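The structure appears right after this line, and notes come after that.
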């Protein structure tokens with residue numbers, strides 16, 4: 001997932017909408033509960049005991065993304081596994097606990113997978129206080145496929161601190177960023193109409209099977225590089241999930257006209273494994289990770 005799709009003003013991307021300061025303040029806490037902010041293991045280890053939020057810059061977050069090497073695996077019966085992870089760059093340094101419950105794992109194949117010591121993991125989850133410890137309750141845990149992904153994450157975590165320490169979101173929304181930010185990822189983005197006027201092409205989510213499921217113009221940044229059926233599933237969950245505690249049920253997605261029902265589950269598994277969505281109350285309800 002691209003850094004500028006992970007957090008920022010509005011709904012979590014640097015290019016997220018045109019909100020006034022008052023709107024941002026009202027929506028801020030809700031958005032920050034959904035934003036999976038990139039952090040390091042050292043950042044997590046500095047969370048005070050009993051807290052369930054991490055402070056990045058000046059902002060509190062409860063959902064995090066972190067990478068690390070497994071140094072210990074603790075099985076807790078058949079229901080859960082603890083992974084103790086540490087920063088690859090600091091062998092013998094501080095470790096942090098990631099709790100993976102089988103009921104929260106998105107697919108049967110991932111339920112059976114247990115990572116061993118030495119594995120490099122990418123984890124998305126909630127900060128939780130458990131048994132007098134601060135841990136991550138994992139939504140999704142997967143093995144890193146490339147060492148470059150680890151290095152990129154470390155840079156994202158550094159940039160996240162700068163982004164929130166310098167209140168870039170508020171400055172972008174108010175137009176107060178200096179001109180030097182204009183051609184960087186730390187810029188406030190305009191809405192679809194302004195983007196088009198500047199030469200960009202907004203993406204329109206087409207109706208399914210001739211029926212109008214969505215009636216909105218979506219910036220390319222909103223699609224996060226997704227296309228076709230995966231983009232349609234993601235946007236539908238992103239649009240309808242936040243208003244429901246449980247999220248969007250798989251059966252509802254299956255009933256959407258114009259989809260290839262044989263590949264819906266495969267696409268949902270892809271979106272989950274890549275950190276676009278997560279299973280919420282059970283394996284058949286989905287919410288987006290902004």
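Residue numbers (the UniProt record's numbering): 1 to 290. Glycine included, each C-beta is placed from N, C-alpha and C at the ideal position. Given the structure is predicted, the values throughout are model-derived calculations rather than measurements.
Between residue i and chain B, is there a C-beta pair that is closer than 9 Å?
i: residue 151; result: Of the protein chains in this structure there is only one, and it is not chain B.
Leaving out five residues on either side along the sequence, give the residues of the same chain with a beta carbon under 7 Å from the beta carbon of residue i.
i: residue 89; result: none
Residue i to residue j, Cα distance in whole Å?
i: residue 170; j: residue 162; result: 13 Å
i: residue 237; j: residue 149; result: 26 Å
i: residue 82; j: residue 174; result: 44 Å
i: residue 241; j: residue 57; result: 28 Å
i: residue 19; j: residue 243; result: Only weak support exists for where residue 19 lies, its pLDDT of 34 falling under 50; the value from the coordinates is given anyway. Taking the straight line joining both Cα atoms gives about 20 Å.
i: residue 110; j: residue 100; result: Because the pLDDT of residue 110 is 45, which lies under 50, any placement of that residue in the model is unreliable, and the question is left without a value.
i: residue 272; j: residue 93; result: 30 Å
i: residue 253; j: residue 91; result: 45 Å
i: residue 275; j: residue 235; result: 14 Å
i: residue 262; j: residue 230; result: 13 Å
i: residue 66; j: residue 39; result: 6 Å
i: residue 168; j: residue 35; result: 16 Å
i: residue 228; j: residue 284; result: 21 Å
i: residue 41; j: residue 119; result: 15 Å
What first and last residue would you give for the alpha helix (DSSP H) that runs through residue i?
i: residue 145; result: No alpha helix (DSSP H) holds residue 145; DSSP gives it neither H nor E.
Which residue comes first and which comes last in the beta strand (DSSP E) that contains residue i?
i: residue 47; result: From DSSP, residue 47 is part of no beta strand (DSSP E); its letter is neither H nor E.
i: residue 68; result: 63–76
i: residue 128; result: 120–130
Excluding the 5 residues preceding and the 5 following residue i in the sequence, name in chain order all residues of the same chain whose CB lies nearer than 8 Å to its CB.
i: residue 80; result: 99, 100, 101 and 102
i: residue 212; result: Its pLDDT being 34, under 50, residue 212 is placed unreliably in this model, and the coordinates cannot settle the point.
i: residue 117; result: 70, 71, 72 and 73
Please return the same chain residues whose Cβ sits closer than 6 Å to the Cβ of residue i, not counting the five positions on each side in sequence.
i: residue 60; result: 53
i: residue 122; result: 67, 142 and 144
- Task: Count the C-beta pairs between the region 154–174 and the region 129–138 that are closer than 8 Å, then say yes if the count reaches three, no if not.
- Result: no
- Are there three or more Cβ pairs, one per stretch, closer than 8 Å when the region 46–59 is compared with the region 127–135? yes
- At which residue ranges does the UniProt domain "Replication protein A C-terminal" (217–284) contain complete beta strand (DSSP E) runs of 3 or more residues, listed in the order of the chain? 277–279
- Message: What ranges does the beta strand (DSSP E) occupy inside the region 74–99, keeping only unbroken runs of at least 3 residues that lie completely in it?
- Response: 80–86
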